[in-house]
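Just so you know, we're using full-length UniProt numbering here: the sequence shown kicks off at 1 and counts up by one.
Glycine residues also receive a C-beta, built at the ideal position from the N, C-alpha and C atoms.
Remember, it's a predicted structure, so these values are computed and weren't measured experimentally.
Everything below concerns the one structure shown next.
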Amino acid sequence: MLTTNLSEIGPDELRTVSLNAKKFEMKERESIADMHQRFNVILNNLQYLGKKFSREKINGNIFETLTNDYDGKIYAITDARDIRTIPLQELIGSLKAEEEVIAYKKAKRKNKKYLALVAAKAERLIEMNELVMLAKNFKKLLEKHGK
């Protein structure tokens with residue numbers, strides 16, 4: 001746990017916080033809000049320990065931690081804006097909007113797959129019903145000619 005007195009901070013504490021920062025990555029199903037919250041804890045701890053970071057460094061670290069789903073958004077932001085001037089809250093807001101777009105697209109793809117599966121099952125059911133009807137008709141035909 002971090003102390004409130006900077007003179008009491010040991011090298012182990014600094015090493016632990018620095019290691020957490022270096023290993024930081026967005027988890028596969030993690031929301032932008034949750035990732036941002038975890039990122040802020042590490043950032044605040046490092047700042048508390050006397051580390052200073054430029055807006056460019058902070059934004060760059062956010063970009064590096066994002067999953068591949070955000071590659072297009074990263075490109076669009078860096079192409080349109082200078083990351084040295086984007087406030088962190090604005091960046092997070094933009095990423096949250098992209099998160100909604102990604103979720104919508106995934107739900108739409110999942111729905112299409114589900115509909116295709118339902119259609120395939122319905123087709124198989126129709127085929128089975130046709131086979132059952134054919135078997136019944138064949139049985140009737142045999143009974144009719146067999147008597």
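Check whether the Cβ atoms of residue i and residue j lie closer than 8 Å to each other.
i: T65; j: M26; result: yes
i: F63; j: I42; result: no
i: L95; j: K73; result: yes
i: E28; j: T67; result: yes
i: R81; j: R55; result: no
Measure the alpha-carbon distance for residue i versus residue j and round it to whole angstroms.
i: A33; j: N40; result: 10 Å
i: N45; j: V118; result: 51 Å
i: K22; j: Q89; result: 22 Å
i: L6; j: R38; result: Low confidence applies to L6: its pLDDT is 49, below 50, so where it sits in the model is not reliable enough to give any reading.
i: M1; j: K112; result: The predicted model places M1 with a pLDDT of 38, which falls under 50 and marks its position as unreliable, so this point remains unresolved.
i: K108; j: L115; result: 10 Å
i: K105; j: D71; result: 15 Å
i: K57; j: I92; result: 15 Å
i: A120; j: K52; result: 59 Å
i: A30; j: K110; result: Here the sequence assigns Glu to residue 30, which means Ala is not the residue at that position. Answer to the nearest angstrom: the Cα atoms are 19 Å apart.
i: H145; j: E127; result: 27 Å
i: residue 220; j: A122; result: It is not possible to answer for residue 220, since the shown part of the chain is limited to 1 through 147.
i: T4; j: E100; result: For T4, the predicted model reports a pLDDT of 44, less than 50, meaning its position is unreliable; a value from the coordinates is still stated below. Going from the Cα of T4 to the Cα of E100 covers about 39 Å.
i: F138; j: V132; result: 10 Å
i: K136; j: D69; result: 54 Å
Applying the criterion that 16 or more other CB atoms from any shown protein chain within 10 Å of the CB defines a buried residue, is residue i buried or exposed?
i: M35; result: buried
i: Y75; result: exposed
i: E130; result: exposed
i: L125; result: exposed
Roughly how far, in whole angstroms, is the beta-carbon of residue i from the beta-carbon of residue j, given that I think they are within contact range, below 8 Å?
i: N59; j: I86; result: 6 Å
Which parts of the segment 64 to 94 are runs of the alpha helix (DSSP H), unbroken and 4 residues or longer, counting only runs that do not cross its ends? Secondary structure remark: continuous alpha helix (DSSP H) runs of at least 4 residues inside the segment 64 to 94, in chain order: 71 to 80.
What alpha helix (DSSP H) runs, 4 residues minimum, are completely inside the segment 33 to 67? Runs of the alpha helix (DSSP H) lying entirely within the segment 33 to 67 and spanning at least 4 residues, in chain order: 55 to 65.
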